[in-house]
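A.B. asks: Here it is, the structure in full.
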Amino acid sequence: MWGRIAWLGFGAVCVAALALAAFAPKIAPDPEADDATKKSVYYSVASDEPSLRKSAAKSFPTDPWSQDDDFHNQEFRRVQNFASADKVSVGSLLSALDEGMRARWPHSPISNPRPTVPPCRPRPIY
Numbered sequence: 001m002w003g004r005i006a007w008l009g010f011g012a013v014c015v016a017a018l019a020l021a022a023f024a025p026k027i028a029p030d031p032e033a034d035d036a037t038k039k040s041v042y043y044s045v046a047s048d049e050p051s052l053r054k055s056a057a058k059s060f061p062t063d064p065w066s067q068d069d070d071f072h073n074q075e076f077r078r079v080q081n082f083a084s085a086d087k088v089s090v091g092s093l094l095s096a097l098d099e100g101m102r103a104r105w106p107h108s109p110i111s112n113p114r115p116t117v118p119p120c121r122p123r124p125i126y
């Protein structure tokens, strides 16, 4: 008897949660970035690549894969900051970075974006 009541209560809570989720107001996605913003973000990130890579190399001196991972984490955080400031979607800015590398958009002469991935090897003990 108590088991059925417990299952009915659980079912009622599940139905209420589903109904609440179904009728909740939709959050509008952030708009896509325009071409000027995309290029601006690309140039900014590409020109800072050497300093970001140097910072990552200090964090993981003997592990190229982890250096690359740390660099991309820093890059992602920068893109998030740009997206938040410009009120545009993070995805459109990340897509702009990809598009810029593939189309070989010009960048700072000191920067050399390298669309490569170092091999993942066991991490040395620090």
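Number 27 in the numbering used here belongs to position 27 of the sequence shown; there are no gaps in the numbering.
We put the beta carbon where it would ideally sit given N, CA and C, even for glycine.
Is DSSP giving tryptophan 105 helix, strand or coil here?
C.D. replies: The sequence position of residue 105 within the sequence shown is 105, counting from 1. In the structure shown, tryptophan 105 adopts coil according to DSSP, grouped into three states.
A.B. asks: According to DSSP, is aspartate 63 helix, strand or coil?
C.D. replies: Residue numbering aside, residue 63 sits at position 63 when the sequence shown is read from its first letter. If DSSP states are grouped into helix, strand and coil, aspartate 63 belongs with coil.
A.B. asks: In three-state DSSP terms, what is valine 88?
C.D. replies: Position 88 of the sequence shown, counting from 1, holds the residue named residue 88. In this structure, valine 88 counts as coil in the three-state DSSP scheme.
A.B. asks: Which term fits serine 84, buried or exposed, when burial requires 16 or more other beta carbons within 10 angstroms of its beta carbon?
C.D. replies: As a first step, residue 84 must be located in the sequence shown, where it is residue number 84. That one is exposed.
A.B. asks: Between which residues of its own chain and aspartate 86 is the CB-CB distance below 6 Å, once the five residues before and five after are set aside?
C.D. replies: For the purposes of this step, residue 86 is identified with residue 86 of the sequence shown, where counting begins at 1. If we look at aspartate 86 and ignore the five residues flanking it on each side, its Cβ neighbours are Thr37.
A.B. asks: So the candidates are Gln67, Ser40, Thr62, Lys39; which of them puts its Cα closest to the Cα of serine 51?
C.D. replies: As a working note, residue 51 is residue 51 in the sequence shown. Among Gln67, Ser40, Thr62, Lys39, the Cα nearest to that of serine 51 belongs to Gln67.
A.B. asks: Is the beta carbon of aspartate 30 closer than 8 Å to that of serine 89?
C.D. replies: If you number the sequence shown from 1, residue 89 lands on position 89. If you number the sequence shown from 1, residue 30 lands on position 30. Yes, the pair counts as a contact, with Cβ atoms nearer than the cut-off.
A.B. asks: Is it the case that the Cβ atoms of phenylalanine 60 and aspartate 70 are separated by a distance below 8 Å?
C.D. replies: For the purposes of this step, residue 60 is taken as residue 60 along the sequence shown, with counting starting at 1. For the purposes of this step, residue 70 is taken as residue 70 along the sequence shown, with counting starting at 1. A contact, by the Cβ cut-off of 8 Å.
A.B. asks: Would you say leucine 93 and phenylalanine 82 are within 8 Å of each other, going by their C-beta atoms?
C.D. replies: Looking up residue 93 in the sequence shown gives position 93. Looking up residue 82 in the sequence shown gives position 82. Yes. Within cutoff.
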